Amino acid sequence: FPTRRSSDLKQEPNSRLGWLVIIGTVPIVAFGLIFQDAIETELRQLWIIGVMLILFGLLLGIADRIGFKTKQLGELNLRSGLAFGFGQALALIPGVSRSGGSITVGLMLGFTREAAARYSFLLAIPAVLGAGTYQFLGSYQDLPDDLLAATIAATIVSFVVGYAVIAWLLRYLIKGSYLPFVIWRVGVGSALLIALGLGAI
């Protein structure tokens, strides 16, 4: 019986996309391991979070405004897949969302809103699962049984809700823009910085 060579398999759309997701995950894993201490300490200051919320909100708005938005998911290649990955890795800085960073990069590369969001969410799967598993394995032995069950239940609920939100967002982006998300990020970031400046927090 004829068999498919690995080189042929990689050319199939789904398999090719799977390889690109794996490759795009490398930056966040590498930077996460290298800068773990700084991420968990120095970068968790509220003023940094406020600034990043505003900065990447504005960058998302600019990318959404000036990006050509013509490329489809099938036009993704190794270079653009890695670029998405570096955008996702920026989310290691508190205040930069994982999807926001990678979607911004995708829009700047000329991908459509829907294509950028779709690949961004696919890219988040191994990153979120990996980070969650790493944290769970490091702490589950210290959790009481009732809290462990609650954690598992909360994880399942989060998955279902997250899936529903992603499905809605992809439908919305067929005709909608990222402007509401830009306004939200700038508004929350500004409120946080104002509260810090007034000494309210």
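Sequential numbering from 27 applies to the sequence shown in the numbering used here.
Cβ atoms here follow ideal geometry from the backbone N, Cα and C, with glycine treated the same way.
As the structure is a computational prediction, the values presented were derived from the model and not from experiment.
Residue 77 versus residue 44: straight-line alpha-carbon distance, rounded: 34 Å
Alpha carbon of residue 30 to alpha carbon of residue 219, nearest angstrom: Note on residue 30: pLDDT 46, under 50, position unreliable in the model; the coordinate value appears next. Residue 30 and residue 219: Cα-Cα distance of roughly 57 Å.
Which of helix, strand or coil DSSP assigns to residue 38: coil
Status (buried if at least 16 other CB within 10 Å, exposed otherwise) for residue 91: exposed
Whole alpha helix (DSSP H) elements within the stretch 118-193, 4-residue minimum: 124-134, 139-165
Whole-angstrom C-beta distance between residue 212 and residue 74, which should lie under 8 Å: Actually they are not in contact, since the Cβ atoms of residue 74 and residue 212 sit about 16 Å apart, beyond 8 Å.
Per-residue burial, residue 105 [other beta carbons within 10 Å of its own, 16 or more giving buried]: exposed
Separation of residue 134 from residue 40, as counted between CA atoms: 24 Å
Buried/exposed call for residue 53, threshold 16 Cβ in 10 Å: buried
Supposed close pair residue 128, residue 99 - CB separation, criterion 8 Å: Not a contact, Cβ separation roughly 13 Å.
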